[in-house]
Each structure stands twice: as C-alpha cells, then as structure tokens.
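Worksheet: one structure, shown below.
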Amino acid sequence: MDKPLTGARVLAIAVGAFAVIIGVNLVMAFQAVSTFPGLEVKNSYVASQTFEGDRAAQEALGWTVTPEYDPERKILSFAIRDRAGNPARVQSLEVLVGRRTHVRDDRRPEMAYVGGFFQTGIDLAPGKWLIHLTATAPDGTLFRQRLDFRFGVDPDHPDGAEDGDDDGRADRFAPRPETQG
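Residue numbers (the working numbering): 468 to 648.
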C-alpha cells in the first residue's frame, strides 16, 4: 500500500536533495583549494615595479633554454645557450618541475653540469609538465623562464592525447618548449 505524499515527506525530499548538492559543492571546493599551487608572486604590485628592468637585463643575456627528457634513462637535461649558440656561463641554476594543476608532483632536482648540459636523474610520467627555471649569470643577473613541455603524447593532437600505443607505454618524446619570460 502506497503512503500518501505529505508535506513532511516533500520537505524531507527537498532537504535531502539540497544536502547532497551542498555536500558535493563543499567537497569540490575543498579539492580545488587544496590542490591549487598558489600564487606566482606574493605581491604583484611590488613585482611589477622592477619587471621592465628585470626583463631588459634578462633579454640582454640572450640566453635560450631547450629541455630534453630521456624516459629510458630517466634523465632531464637543459641546454642553456647564449646568442652565439655556445653554452651560457651559468653561476647557479634552480629548477622546479611539476604539473600545472597541482603541487603533488612538484620536485626541485639538483642539477649537474655535464658536457654542456645541465642534467638530473628524475622519473617523470608521460604527459604535460611545467618547469620553472631560475639561472644566475656571473654578474648576478637573474634569468627566469617557464617552460611547458610534454612527452609520451601525440604532439599533433590538440589536447595532447596519448600516442595511440595499445600497451600504454610512452615511446615517443615530443618536447614542446613554450616559453614565457
């Protein structure tokens, strides 16, 4: 026998539905806040005061950076070159490697200078990666660059979908340096 739909039951259904919606929203908001990497700079106004001078000094160095990753040897390397194409004279180098969407995979590897390249051993999963590179010239000029690159994905596919291997292995490296000063 069916019970009649009363005001109390309608109220319980409405409260339950809104409780589920609010609960899901709270979970999603918590996930968004807890995985967001944060700010690029602590105070954008202060950073903007020296931006043009810093940019001009960095551009005067004439350095270019090319990242490469060997997934078999698990070696990440950077070729930092001057205007003439020679290895740049780098006093110090700091690197942050991570994903764009969360800080869980962020790593700060120690780089070693080997045969004209800065190298480190690091195990990177296939996909899109973000590198924040800060190098210091012998005169103290800072060189900062953000490099977006990907490997183990199809470079011709607009969203970087996997390269179509049935076994799921990433056997193709496609560096994509997209730089921003």
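A virtual CB, placed ideally from N, CA and C, is assigned to each residue, including glycine.
Fill in: Three-state class that DSSP yields for Ala484 in the structure shown
helix
Worksheet item: Is Met495 close to chain B, meaning its C-beta is less than 9 Å from at least one C-beta of that chain?
Response: This model lacks chain B altogether, as it is built from one protein chain only.
Practice prompt. Please list, in chain order, all residues of the same chain as Thr601 whose beta carbon is under 6 Å from its beta carbon, the five residues on each side excluded.
Written response: Glu561, Arg611
Practice prompt. Verify whether the separation of the beta carbon atoms of Leu591 and Leu528 is less than 9 Å.
Written response: no
Item to complete: Please confirm whether Val564 and Pro593 have their CB atoms less than 9 Å apart.
Response: no
Worksheet item: So, using beta-carbon positions, are Ala524 and Leu609 closer together than 9 Å?
Response: yes
Discussion item. Looking at the strands, I want to know which residues DSSP matches up with His599.
Written reply: Leu563, Arg613
Fill in: Element boundaries [alpha helix (DSSP H), containing Gly582]
Run containing Gly582: none; DSSP gives neither H nor E here.
Discussion item. Which residue marks the beginning of the alpha helix (DSSP H) containing Leu528, and which one marks its end?
Written reply: 518-528
Worksheet item: How big is the Cα-Cα spacing for Tyr536 and Ala481?
Response: 54 Å
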